[in-house]
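As numbered in this note's numbering, the sequence shown has no gaps in its residue numbers, which increase by one up to the final residue, 126. All residues carry an ideal CB built from backbone N, CA and C; glycine is no exception. Structure first, commentary second.
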Amino acid sequence: LYSALPLLWALLSSLPAGHGGTRAAVVRCLGRLGQHAHATTLAAQRGVMQSIIALLADPSAEVATACSVVLPRLLGSASFVRVVGLNEAPCEEAEAEAAE
């Protein structure tokens, strides 16, 4: 299921700006998957997870609003914060967390 993260990101990237409602729905899907993903999955999809943050500045108000709803939930996840943060070695921490 979590292998859909890069596919959803590709879908989001391919949708024209005029499809704000559809793009917002994809953002909510990405957020939901990210919220429930294991740390190793998040580490493998670090780029996608980091890109969600940039969507706060999306020109579509619907997308920016969806992002502003999704991000607080994601930021409440310690795994997400560790993986998406400025840490240069997220995979090592994710593996250590998985071993616990």
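Does DSSP put leucine 41 in a helix, in a strand, or in coil? coil
Going by other Cβ atoms of all chains shown within 10 Å of its Cβ, with 16 needed for buried, is arginine 99 buried or exposed? exposed
Under a three-way DSSP split, which group does glycine 111 fall into? coil
By Cβ distance, which residues of its chain are closer than 7 Å to methionine 75, with the 5 residues on each side in sequence left out? Gly60, Leu68, Phe106, Val109 and Val110
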